[in-house]
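Participant: Structure below; questions to follow.
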Amino acid sequence: MRQGLGTQLRHLIDLLDGAVAAAYEDAGIDYRPRYTPVMRALEGGEPRTVGQIADAAGITQPAATQTVALMIREGLLEAAPGAHDARQKVIRLSAQGQALLPQLRLCWQATRAAADSLDRELPHPLSDTLAAAIAALQTQSFGARIRSARAALANPEQQQEQP
Numbered sequence: 460m461r462q463g464l465g466t467q468l469r470h471l472i473d474l475l476d477g478a479v480a481a482a483y484e485d486a487g488i489d490y491r492p493r494y495t496p497v498m499r500a501l502e503g504g505e506p507r508t509v510g511q512i513a514d515a516a517g518i519t520q521p522a523a524t525q526t527v528a529l530m531i532r533e534g535l536l537e538a539a540p541g542a543h544d545a546r547q548k549v550i551r552l553s554a555q556g557q558a559l560l561p562q563l564r565l566c567w568q569a570t571r572a573a574a575d576s577l578d579r580e581l582p583h584p585l586s587d588t589l590a591a592a593i594a595a596l597q598t599q600s601f602g603a604r605i606r607s608a609r610a611a612l613a614n615p616e617q618q619q620e621q622p
């Protein structure tokens, strides 16, 4: 039996994240792979709001909020009131986060090289396939596709009438 798309994606993420987490551990870095999009968004040194981090990282704002909170607790980030609006928090790398960047960059280079190696072994590069899938889902969400499929299943005679 073929596994469903969600099951396959979760398994793929487990395989990738597990290997990346092990690589950080092997490098002697106490760091979670989920922190990388936030670190990348902040590595230039410019403080950002959580919304700006989410946009730059390509993740949802709730995911960014949760990840930023974890990273603040672990001492990798600092939050301060915004310059123009004290109610708005701006996030920046802490000294500990800055000090970790050189080691992280080496790990990121190795991870990129491993991803490129995987892409070369596949009939279609996974990175291209994922980018195409994301673009297609931005055009029509998976939820809309499910609703359309459900409607077609509920009214099979309409499917036969269409050319």
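Numbering (my numbering), first residue to last: 460 to 622.
Cβ atoms here follow ideal geometry from the backbone N, Cα and C, with glycine treated the same way.
Pull up the DSSP beta-bridge partners for V549, would you.
Facilitator: Numbered from its first residue, the sequence shown carries residue 549 at position 90. Bridge partners of V549: A539.
Participant: If I measure Cβ to Cβ from G534 and keep anything under 8 Å in the same chain, skipping five residues before and after, which residues do I get?
Facilitator: By one-based count along the sequence shown, residue 534 stands at place 75. Cβ neighbours of G534 beyond the five flanking positions: S553, Q555 and G556.
Participant: Between the region 498-507 and the region 534-553, are three or more C-beta pairs nearer than 8 Å?
Facilitator: In short, these stretches touch, since the Cβ pair count reaches three.
Participant: Taking all protein chains shown into account, decide if T588 is buried (16 or more other Cβ within 10 angstroms of its Cβ) or exposed.
Facilitator: Looking up residue 588 in the sequence shown gives position 129. Classification of T588: exposed, given that the 10 Å Cβ count is below 16.
Participant: Is T508 near the ligand GTP, in the sense that its beta carbon is under 6 Å from a heavy atom of that ligand?
Facilitator: The model on display carries no ligand, and the ligand GTP is accordingly not part of it.
Participant: Assign L594 to buried or exposed, taking buried as 16 or more other Cβ atoms, counted over all protein chains shown, within 10 Å of its Cβ.
Facilitator: Sequence index remark: in the sequence shown, residue 594 carries index 135 (1-based). Checking the sequence, you will find Ala at residue 594 rather than Leu. Counting Cβ neighbours within 10 Å, A594 comes out exposed, since fewer than 16 surround it.
Participant: What is the DSSP secondary structure of R507, counted as helix, strand or coil?
Facilitator: Position 48 of the sequence shown, counted from the start, is the residue given in the question as residue 507. Of the three classes helix, strand and coil, the one that applies to R507 here is strand, per DSSP.
Participant: Taking only the alpha-carbon atoms, compute the straight-line gap between R532 and Y494 and give it to the nearest angstrom.
Facilitator: Residue numbering aside, residue 532 sits at position 73 when the sequence shown is read from its first letter. Residue numbering aside, residue 494 sits at position 35 when the sequence shown is read from its first letter. Roughly 13 Å between the two C-alpha positions.
Participant: Whole angstroms are fine: how far does the CA of E616 sit from the CA of Q520?
Facilitator: By one-based count along the sequence shown, residue 520 stands at place 61. By one-based count along the sequence shown, residue 616 stands at place 157. Roughly 42 Å between the two C-alpha positions.
Participant: Using three-state DSSP, classify R606 as helix, strand or coil.
Facilitator: Counted from its first residue, the sequence shown places residue 606 at position 147. If DSSP states are grouped into helix, strand and coil, R606 belongs with the helices.
Participant: Assuming contact is defined by CB atoms lying nearer than 7 Å, are P492 and V479 in contact in what I supplied?
Facilitator: For this step, residue 492 is matched to residue 33 along the sequence shown. For this step, residue 479 is matched to residue 20 along the sequence shown. Contact flag set, yes.
Participant: When the distance is taken between beta carbons, is I550 closer than 7 Å to L635?
Facilitator: An answer regarding residue 635 cannot be provided, because it is not within the stretch 460 to 622 covered by the chain.
Participant: Got a sec? Which residues, its chain only, sit under 8 Å from A482 by beta carbon, not counting five neighbours each side?
Facilitator: The residue given as residue 482 occupies position 23 in the sequence shown. C566, A569 and T570, listed in sequence order.
Participant: Where do the ends of the alpha helix (DSSP H) carrying M530 lie?
Facilitator: Position 71 of the sequence shown holds residue 530. From DSSP, the alpha helix (DSSP H) with M530 extends over Q520 to R532.
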